[in-house]
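Working notes, beginning with the structure itself.
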DNA sequence: GTCTATAGGAAGATAGAC
DNA sequence: GTCTATCTTCCTATAGAC
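Chains as they are written, first to last, in the working numbering: chain D, 671 to 868; chain L, 671 to 868.
Printed below as a string of structure tokens:
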């Protein structure tokens, strides 16, 4: 592993940390486990990161970004309001069913972050970002379909975000992907029913 | 602390563990912190519990029970379907706003449990129990009001449970109790709208 | 920068006197 | 049963040779 720049190593370590966390949980992602996963010696850790917390911040940033990049982009395109929402929700759900452990990790990370003074704001910002993303989706839909929402947008955005989050969490812990998918379809229909022609 | 039966000590330690977990998180609830909170010597721990896992199982059982005892019991009584649901949801929400850390602990505990082989089934059972509780609420309402639900009951129960869970989690991490409360009111109206006269 | 070796502390669990 | 002292293991972080 000679002659690999510290910057590249940082990325390799962040990726390795995410793999370990997905496989065994945040608690199992010790510095030893992470450098082991990346095939680096233990000492490499601390000239790439000042501390474990610094790594965690970068892990959270990486996870949040990949999620947002994919966040309900499928509501764009043709079709009625309900069709678009259904398409977006189902694309999200496919991802959850295919990679459940990746989604479990997002919950685990915010929880972990919420308990450490230095990371609490990071957790809060992460959730605020999800809320903002869903708000933007609602705004884009209203714009494209020339409608307004019959419920205040912040309330509807929170309803939407909480619904998706809650049904996902319930599925991760209890199972039954089919019923959960049906509940999400119901959610999309429900949101669509709040559209009023402007 | 002489002459206190091991059985009483077990209860004292479970209560102490819950206090520590609410205050500082599940990760901070070490055997030392727990016996310290209960004003007992370290050695007491292991003649009250075979292991830390045994304590955790009892903590989870205690938390789940206190939550279920209070679960939406307020939907009984007078009023229309929507009034009853609003009453139940608001009673729940009052509790969340008054004791947020207690609710945060339930999420933290299931997550912790979901990662340990010996406790995974406990986490799953906990969520299944919440789902069953909400199903019973829906059934009781349908019965009392002589209606049927226009959506399959398992789907509606999952929708309901996920919605409440998700909005709560979002509030705990992001804040804004007022908007969150409004979203829960919306949830109650929404569920009520699925009633069809039998 | 890169690695080996180790410091320094905290965790769960146990040994053994009383 | 009850408690003190201790064992073992694993953690983050650093020291110091190359």
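Backbone N, C-alpha and C fix where the C-beta goes; we use that ideal spot for every residue, glycine too.
This one's a predicted model, so the numbers in the text were calculated from it and none came from an experiment.
Measure from the alpha carbon of residue 850 (chain L) to the alpha carbon of each residue in L:859, L:838 and L:757, then state which is nearest. If we check each option's Cα against that of residue 850 (chain L), L:838 comes out closest.
Legend entry - Nearest-angstrom beta carbon gap, residue 793 (chain D) and residue 776 (chain D) [assumed within contact, 8 angstroms]: Incorrect: roughly 11 angstroms between the Cβ atoms, too far for contact.
Quiz prompt | Exposure of residue 723 (chain L), with buried meaning 16 or more beta-carbon neighbours within 10 Å | solution = Looking at its Cβ environment, which holds fewer than 16 other Cβ atoms inside 10 Å, residue 723 (chain L) is exposed.
Alpha carbons only, please: which of L:844, L:740 and L:750 is nearest the one belonging to residue 867 (chain L)? Minimum Cα distance to residue 867 (chain L) is reached at L:750.
So, at 7 angstroms on beta carbons, what are the nonlocal neighbours of residue 752 (chain D) in its own chain, with the 5 sequence-adjacent residues on each side left out? Around residue 752 (chain D): 858, 859 and 862.
Quick one: what does DSSP say residue 731 (chain L) is sitting in, helix, strand or coil?
-> Here residue 731 (chain L) sits in helix by DSSP.
message = Taking its Cβ as the centre, do 16 or more other Cβ atoms sit within 10 Å of residue 864 (chain D), making it buried, or is it exposed?
response = Residue 864 (chain D) sits buried, since 16 or more C-beta atoms from the chains shown fall within 10 Å of its C-beta.
Would you give the residue range spanned by the beta strand (DSSP E) that residue 867 (chain D) belongs to? Its beta strand (DSSP E) spans residues 865-867.
(message) Counting only Cβ pairs nearer than 9 angstroms, list the residues of chain L close to residue 723 (chain D).
(response) Correct list: empty, because the minimum Cβ distance to chain L is about 14 angstroms.
Exercise. List the residues of chain D that residue 794 (chain L) touches, going by C-beta distances under 8 angstroms, in chain order.
Key: 843, 844 and 845, listed in chain order.
Review point. Would the stretch 712-730 of chain L and the stretch 760-767 of chain L be scored as touching if the rule is three or more Cβ pairs under 8 angstroms?
Key: As far as the Cβ criterion goes, the stretch 712-730 of chain L does not touch the stretch 760-767 of chain L, which means the pair count is below three.
Run through chain L and tell me which residues come within less than 7 angstroms of residue 853 (chain D), C-beta to C-beta.
Here the neighbours are 825, 828, 829 and 832.
With three or more C-beta pairs closer than 8 angstroms as the rule, is the stretch 813-832 of chain D touching the stretch 839-849 of chain L? Yes, the stretch 839-849 of chain L is in contact with the stretch 813-832 of chain D.
Review point. What does a CB cutoff of less than 8 angstroms around residue 689 (chain D) pick up in its chain, not counting 5 residues either side in sequence?
Key: Excluding residues within five positions, the ones whose Cβ falls inside 8 angstroms are 707.
Which complete beta strand (DSSP E) runs does the stretch 762-834 of chain L hold, if anything under 3 residues is left out? Segments of the beta strand (DSSP E) lying fully in the stretch 762-834 of chain L: 817-819.
* To do: Verify whether the separation of the beta carbon atoms of residue 696 (chain L) and residue 778 (chain L) is less than 7 angstroms.
  => Yes, the Cβ-Cβ distance between residue 696 (chain L) and residue 778 (chain L) is below 7 angstroms.
Relative to the C-alpha of residue 687 (chain D), which candidate in D:754, D:820 and D:705 has its C-alpha closest? With distances taken between Cα atoms, residue 687 (chain D) lies closest to D:705.
**Study point:** Interface residues of chain D facing residue 695 (chain L) [CB-CB closer than 8 angstroms]
**Key:** Neighbours of residue 695 (chain L) on chain D, chain order: 785.
- Query: With respect to the alpha helix (DSSP H) encompassing residue 683 (chain D), which residues constitute its N-terminal and C-terminal limits?
  - Reply: Unbroken alpha helix (DSSP H) run through residue 683 (chain D): 676-694.
- Message: For residue 691 (chain L), which residues in the same chain have their Cβ closer than 6 angstroms to its Cβ, ignoring the five residues on either side in sequence?
- Response: Take residue 691 (chain L), set aside five residues on each side of it, and the residues of its chain with a beta-carbon closer than 6 angstroms to its own are 699 and 775, in chain order.
Taking only beta-carbon atoms, is residue 788 (chain D) less than 7 angstroms away from chain L? Not an interface residue.
Where residue 784 (chain L) falls, given that 16 or more other Cβ within 10 Å makes a residue buried = Buried is the label assigned to residue 784 (chain L), since at least 16 other Cβ atoms lie within 10 Å of its Cβ.
- Task: Would you mind working out which of D:702, D:709 and D:756 sits nearest residue 853 (chain D), comparing C-alpha positions?
- Result: The residue with the shortest Cα to Cα distance from residue 853 (chain D) is D:756.
- prompt: Could you give the distance in angstroms between the alpha-carbon of residue 758 (chain L) and the alpha-carbon of residue 801 (chain D)?
  reply: C-alpha separation (whole angstroms): 26 angstroms.
Inset, instruction - Please report the residue range of the alpha helix (DSSP H) in which residue 716 (chain L) lies. - result: Its alpha helix (DSSP H) spans residues 715-718.
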